[in-house]
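S.K.:
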Amino acid sequence: MSDNISKFQKNAELIFTYIYNNRMIIISIFVLIIVIIAGILIYNANIESKDKTVNAEFESAFALYGMLQNNRIPKEQLNDPTIIVEITTKLQKVYKEAKGKTLKLRAAYSLGAVYYDIGNYTEAVKYFKEVADNRNFYLQESAIYNLASSQIELTNYNEAVKTLENFIKAYPNSYLNPQATLTLSDIYRKQNDKVKSINVLKNWMNNNTNNQYLNIFSETINLIENNIY
1 MSDNISKFQK NAELIFTYIY NNRMIIISIF VLIIVIIAGI LIYNANIESK DKTVNAEFES
61 AFALYGMLQN NRIPKEQLND PTIIVEITTK LQKVYKEAKG KTLKLRAAYS LGAVYYDIGN
121 YTEAVKYFKE VADNRNFYLQ ESAIYNLASS QIELTNYNEA VKTLENFIKA YPNSYLNPQA
181 TLTLSDIYRK QNDKVKSINV LKNWMNNNTN NQYLNIFSET INLIENNIY
């Protein structure tokens, strides 16, 4: 027992001696870590502060876009192109001037949505893709799906297939997954690939045996097999 205590004391002395002899290095490292953390916090605070003004611009554009979508502006202005110009101009300003990643991507997503609504699918693809490429961003899921929809509108079916396949794999439990699968099946059908069109639906049904969409999938398969759909 005494030998163990003696060894413990020696080890403790060695550790203490090492720390004492290298105390300046250890203190310097500790201080450096604190400085780095403080720098990150200050940097993020500065970004948030700088984005306050730009964020107000975003909220203004977003509110106007919401009013336009919900027909909450005077009827004579519903088809006024200057409103869309005002919205996109504000969002473009936010997109270019935002310092923080979140605000920039929110602006990009909103631009994608606006351009999709007015039929400018090339621009919609550009902005949706930027959001879709950012992992763990809260709008990524919706952006990938909307990216595929934009690609379909441009008849870029091969790109849309890749996007939808990635979406289905990445978000198996998404509420958009059934619709994404149906859309993927429809693309295969348009490409005259009946086998893939049916298989993608059957694979989904095998993995979702208690889903409310089963009847829709079953009916779609029947229509494809009988050349009705």
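Counting in the UniProt record's numbering, the sequence shown runs without a single skipped number right up to 229 at its last residue.
Positions of the beta carbon are idealized from the N, C-alpha and C atoms, including for glycine.
#1: Let's test the definition: count the other Cβ atoms within 10 Å of the Cβ of Gln69 and tell me whether it reaches 16, buried, or not, exposed.
#2: If you draw a straight line from the alpha carbon of Asn177 to that of Lys202, how long is it in whole angstroms?
#3: Kindly give me the distance between the Cβ atoms of Ile109 and Ala143, rounded to whole angstroms, as I take these residues to be in contact under 8 Å.
#4: Mapping the DSSP letters down to three states, classify Ser150 as helix, strand or coil.
#5: Taking the alpha-carbon of Ile224 as reference, which of Asp193, Tyr157 and Arg106 has the nearest alpha-carbon?
#6: Could you check where the alpha helix (DSSP H) with Arg106 kicks off and where it finishes?
#7: Compare the C-alpha of Gln140 against each of Gln151, Leu103, Ser150 and Phe128 and name the closest.
#8: For Ala160, which residues from the same chain have a beta carbon less than 7 Å from its beta carbon, with the 5 sequence-adjacent residues on both sides left out?
#9: Where do the ends of the alpha helix (DSSP H) carrying Leu201 lie?
#10: Whole angstroms are fine: how far does the CA of Glu130 sit from the CA of Ala107?
#11: Provide the residue span of the alpha helix (DSSP H) that contains Asn166, from first to last.
#12: For Asn210, tell me which candidate among Val200, Leu182, Asn173 and Lys196 has the shortest Cα-Cα distance.
#13: Helix, strand or coil: which one does DSSP assign to Leu176?
#14: Give the secondary structure of Tyr65 by DSSP, where H, G and I count as helix, E and B as strand, and everything else as coil.
#15: If distances are taken between C-alpha atoms only, which option among Val125, Thr88 and Ala63 comes closest to Thr163?
#16: Pick helix, strand or coil for Phe137, following the three-state DSSP scheme.
M.R.: Based on what the coordinates show:
#1: With fewer than 16 other Cβ atoms inside 10 Å of its own Cβ, Gln69 counts as exposed.
#2: So the two alpha carbons sit approximately 14 Å from each other.
#3: According to the sequence as given, residue 109 is Tyr; it is not Ile. That pair is a contact at about 6 Å.
#4: helix
#5: Asp193
#6: Here the alpha helix (DSSP H) through Arg106 covers Lys101 to Asp117.
#7: Taking only the C-alpha atoms, the option nearest Gln140 is Phe128.
#8: Ala148, Gln151, Ile152 and Ile187
#9: Lys194 to Asn207
#10: 11 Å
#11: Tyr157 to Ala170
#12: Asn173
#13: coil
#14: helix
#15: Val125
#16: coil
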